[in-house]
Amino acid sequence: MNVPLVLSQFLDRAVTLYGDKEAVQCEGRVFTYRQLEGRVNQLSRGLQSIGVAKGDRVAYLASNTVEMLEGFYGIYQLGAIMVPLNIRLKPEDYLFILNHSESKVLLVDQDLYELILPIKDLLQTVEHIIVHYKEEATKEIGYDVWLATFSPESFKRAELDENDVCSLLYTSGTTGDPKGVMLTHRNNYLHALSSMHHLRVTDEDIYLHVLPMFHVNGWGAPFYYTANGATHICLKKATPEAIFREIEAKKVTVVHMAPTVLNSLLQYYDEHKPVVDQKVRIVLAGSAPPHAFIKKVEQELGWEFIQVYGMTESSPLSLISRILPQLSDLSDDEKSRLKVKAGYQMIGAEVKVVDEFGEEVPHDGTATGEIVVRSNGVMKGYWKNEKATLEAIKNGWLHTGDVGTIDERGYIEITDRKKDIIISGGENISSIEVEGVLYDHPAILEAAVIAIPHEKWGETPHAYVVLRENAEVTEQEIIDFSRSKLAHFKAIKSVTFTDELPKTASGKIQKVHLRNEHIESMKV
1 MNVPLVLSQF LDRAVTLYGD KEAVQCEGRV FTYRQLEGRV NQLSRGLQSI
51 GVAKGDRVAY LASNTVEMLE GFYGIYQLGA IMVPLNIRLK PEDYLFILNH
101 SESKVLLVDQ DLYELILPIK DLLQTVEHII VHYKEEATKE IGYDVWLATF
151 SPESFKRAEL DENDVCSLLY TSGTTGDPKG VMLTHRNNYL HALSSMHHLR
201 VTDEDIYLHV LPMFHVNGWG APFYYTANGA THICLKKATP EAIFREIEAK
251 KVTVVHMAPT VLNSLLQYYD EHKPVVDQKV RIVLAGSAPP HAFIKKVEQE
301 LGWEFIQVYG MTESSPLSLI SRILPQLSDL SDDEKSRLKV KAGYQMIGAE
351 VKVVDEFGEE VPHDGTATGE IVVRSNGVMK GYWKNEKATL EAIKNGWLHT
401 GDVGTIDERG YIEITDRKKD IIISGGENIS SIEVEGVLYD HPAILEAAVI
451 AIPHEKWGET PHAYVVLREN AEVTEQEIID FSRSKLAHFK AIKSVTFTDE
501 LPKTASGKIQ KVHLRNEHIE SMKV
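The opening residue of the sequence shown carries number 1 in our numbering; numbering runs sequentially from there.
Structure representation (structure tokens):
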């Protein structure tokens, strides 16, 4: 028997087993799984009434809300394709993505609607704009009133194949226009099965949406937490205070986030010492956190730290860093140093580190190469961009652009992005390694290291630093500190102090903006 792996099955299971259980809490509203299914059916009927059919693209510009969550399943019942939009882009970015994806309908939160206004008349394919939490002055379709006109009863779904595209996810586009990653029902379904196993998701979990649902590792949650009947807590504004408040009040058991968000939580904890009684799993992705973060999470807060690795093009997760049972005798310090690595391959994923000839590097934790992935989660390709697809997937392997090592136990460590490696005097320097040292300085709150041109060495490391409140330290003191901890050729040669670092919506530091800023400063 061959049953298509279609994502709507996850909500079906939750309704069958957990129909009267709380499915989602959002801004004071609570919905059971049966009520969520009713809203999903209303959404499907509403979209169908305005002409959305199988294969059409429906875009969302929304925060973490029940409206965003139900969008996944409401769109999939029609066989349509969801296009989640990053809420931190500029209007011209939305213009490109909406026109390039040929989106037919756009659903947008009221507080984000102003980002669409400047480009509204330039949209080539969007026929309807529907506004969540619509204010009276906004002359568009209001979501709540519109939704209420449709029946919540069972909806007759489009016939789907597991290889049909369900999601079109646009990458950040640090060079050139963003690329639309095509993920299929099969990609997301099998990825969900693997992730829910490795993250130990159960029907007792209460999941707090901190990572945006439009973002990598954020849009996986509507699948595997729903499939297990877990409760979703939607949080529109993920401040440290709000995160701790929800964790305490709602007895949250699991949260996904980026290292910068975790850093802000640790700062808040130091100042306010909130009390959390339950065990919480922190799932971290985006970049390697400083070693000190892990020790603090596990030893001071008493929570569990789980590092994962992936990218949009692989659905996203391929690696997880937990302690294998045969390594349980390691010291706490050795364990935390293992956990900071990207980890070992998850079920359904093959991951290798290869040299420039495509050959595996030695498993010695020292030899570096590019990380390549082959898995059920690897994308169908880039939307309307065959050239980029062929560049990313070669000989059946997705080339990630990340550089790393693999040790004798199978743990992979990311040493840098290809574009972030600093080559000074012919020597490769990992910006991640240098940043890890800077985070050990008591005055430094955040740090990012980039390459800047140097007449003699070609490139040298330069640090952008955010200081802790009331901290005082000079540029030379930070340089001397890095020289005391690193080989001198790796140590930073200069520092820029700044009030904040540019970040993505998930909290990942955007080094491309720092590089551009430095180039502009050299022109003055």
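The C-beta atom is built at its ideal place from N, Cα and C for all residues, glycine as well. Fair warning: this is a prediction, and the values are worked out from it, not measured in the lab.
Item: First and last residue of the uninterrupted beta strand (DSSP E) at H399; Value: 397 to 406
Item: Neighbourhood of E360 by C-beta distance below 7 angstroms, restricted to the same chain and skipping five residues each side; Value: K352, V353, V354
Item: N263 in three-state terms, based on DSSP; Value: helix
Item: H488, DSSP secondary structure in three states; Value: coil
Item: For N99, the first and last residue of its enclosing alpha helix (DSSP H); Value: 91 to 101
Item: Coil, strand or helix - L10 by DSSP; Value: The sequence given here has Phe at residue 10, not Leu. If DSSP states are grouped into helix, strand and coil, F10 belongs with the helices.
Item: Contact between the region 290 to 302 and the region 382 to 389 (3+ Cβ pairs under 8 angstroms); Value: no
Item: Residues of its chain near L147, where Cβ-Cβ distance is below 8 angstroms and the 5 sequence neighbours each way are ignored; Value: R39, Q42, L43, G46
Item: Other residues of its chain near V465: CB distance less than 6 angstroms, five sequence neighbours each side excluded; Value: I444, A447, V495, F497
Item: Nearest-angstrom Cα separation, counted from E298 out to Y113; Value: 41 angstroms
Item: N- and C-terminal bounds of the alpha helix (DSSP H) containing A448; Value: That residue, A448, is in no alpha helix (DSSP H); its beta strand (DSSP E) goes 444 to 454.
Item: Option in E135, L123, V126 with minimal Cα separation from Q110; Value: E135
Item: Nearest-angstrom Cα separation, counted from T171 out to T460; Value: 29 angstroms
Item: Through-space distance from E356 to Y268, alpha-carbon basis; Value: 44 angstroms
Item: Residue range of the beta strand (DSSP E) that includes A416; Value: Correcting the residue type first, residue 416 is Asp in the shown sequence and not Ala. Its beta strand (DSSP E) spans residues 412 to 417.
Item: For V126, three-class secondary structure by DSSP; Value: coil
Item: Environment of G220 [buried if 16+ CB atoms lie within 10 Å]; Value: buried
Item: Cutoff 8 angstroms; reference D499; Cβ partners in own chain excluding five residues on either side; Value: V466
Item: Start-to-end residues for the alpha helix (DSSP H) that takes in Y229; Value: At residue 229 the sequence reads Gly, which differs from the Tyr that was named. Element bounds for G229: n/a, residue is neither H nor E.
Item: Environment of L11 [buried if 16+ CB atoms lie within 10 Å]; Value: buried
Item: The region 471 to 483 contacting the region 504 to 512, beta-carbon criterion three pairs below 8 angstroms; Value: no
Item: Cβ neighbour criterion (16 or more within 10 Å) applied to I129; Value: buried
Item: Proximity below 9 angstroms, CB of I233 to CB of I206; Value: yes
Item: Per DSSP, the bridge partner or partners of F305; Value: I282
Item: Meets three-Cβ-pair contact criterion under 8 angstroms: the region 423 to 436 and the region 244 to 251; Value: no
Item: Residue nearest to Q307 in terms of C-alpha spacing, selected from E70, N228, K273, V283; Value: V283
Item: Identity of the residue in K341, K418, S331 nearest I320 by Cα; Value: K341
Item: Per-residue DSSP class, three states only, for E433; Value: helix
Item: Cβ shell of P222 (< 7 angstroms), same chain only, five flanking positions each side left out; Value: L69, F72, M213
Item: Min CB distance V40 to chain D below 9 angstroms; Value: Considering every chain present, this structure includes no chain D. It has just one protein chain.
Item: As assigned by DSSP and simplified to three states, the class of V24; Value: strand
Item: Distance CB(A14)-CB(S194) smaller than 9 angstroms; Value: no
Item: Sequence-distant residues of its chain with Cβ nearer than 6 angstroms to T174 (five each side left out); Value: Confidence at T174 is low in this model, with a pLDDT of 45, below 50, so the placement of that residue is unreliable and no value is reported for it.
Item: M346 (DSSP reduced to helix, strand or coil); Value: coil
Item: Backbone CA spacing between A62 and W457 [nearest angstrom]; Value: 46 angstroms
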